[in-house]
Every structure is written in structure tokens, then in C-alpha cells.
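Following: one structure in C-alpha cells, then a few remarks.
In our numbering, the protein residues as written are 1034 to 1150.
As C-alpha cells, this is what we get:
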């Protein structure tokens, strides 16, 4: 799951202040995290283009959002978005190969190290 760390003033205003997707969202730190426990896995991701795409999906209500007490806005894909994609795509058998191809060996190794802790 993805998460962004919101600035204090936005987090404190919780739903009383709009989140500017072009400015606030893009300045927020982006993380890959554990859906059930953000403290158990929090990997910083530095990819401006991907961050921009997440902002677009969030703005189109294709991501469900949930605030955590750690100033994180958790972003989960909605079923309306995931189910059609899963039906169109072939089943991926070798996840390791897939992850290394799209995210790189370093990323894969970081995730493996964090999961083995």
C-alpha cells in the first residue's frame, strides 16, 4: 500500500482544509508501507512521475484514503479500479522476476531484508 506523510498544518486541519494535489500532495513524502501496520514497514520512494500518477488517481477517487496517527494518508486502490485490471491481466507466476524487472534489484533486496526482520 502507498502512503504520503502530510505536513503538520494539513494533518491538524483534518478534512477542514482541502489538499492541493499539485502542491501539498507533491511535497509530501511518499512511502510503500504495510496495510495493517505502517510501523512495521515504511520504505521511502523517490519517484516524481509515480508520485504524480498517485495524485491523479487520488484526485479521481480511484484510491481509498485513510488517515493514520503518524501523519500518514494511506492510499489503497478501490475495488472498482482493481477488479477490472485483474480480469484483463494474465496471472503473474514469478513475482520476484516481475518486481525486479519493474522496480530493480536494489528495491527487491530492500523489501526482502525488511520482510525478514
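No residue lacks a Cβ here, since even glycine has one placed at the ideal position from N, Cα and C.
Could you say which of the options lies nearest to residue i if we only look at CA atoms?
i	options	result
residue 1100	1108, 1094, 1093	1108
residue 1072	1133, 1102, 1137	1102
residue 1033	1062, 1060, 1078, 1061	Only positions 1034 to 1150 of the chain appear in this structure, which leaves residue 1033 out of reach.
Compare the beta carbon distance of residue i and residue j with 8 Å and say whether it is the shorter of the two.
i	j	result
residue 1117	residue 1095	no
residue 1143	residue 1076	yes
residue 1035	residue 1054	no
residue 1105	residue 1037	yes
residue 1074	residue 1067	yes
Return yes when at least one heavy atom of the ligand HEM lies under 7 Å from the C-beta of residue i, else no.
i	result
residue 1111	This structure does not include the ligand HEM; it has no bound ligands of any sort.
Give the range of the alpha helix (DSSP H) segment to which residue i is assigned.
i	result
residue 1088	1081 to 1092
residue 1131	1128 to 1136
residue 1064	Taken as a continuous stretch (DSSP letters only), residue 1064 belongs to no alpha helix (DSSP H), being part of the beta strand (DSSP E) at 1062 to 1066.
Under the three-state reduction of DSSP, which class applies to residue i: helix, strand or coil?
i	result
residue 1099	strand
residue 1046	coil
residue 1144	helix
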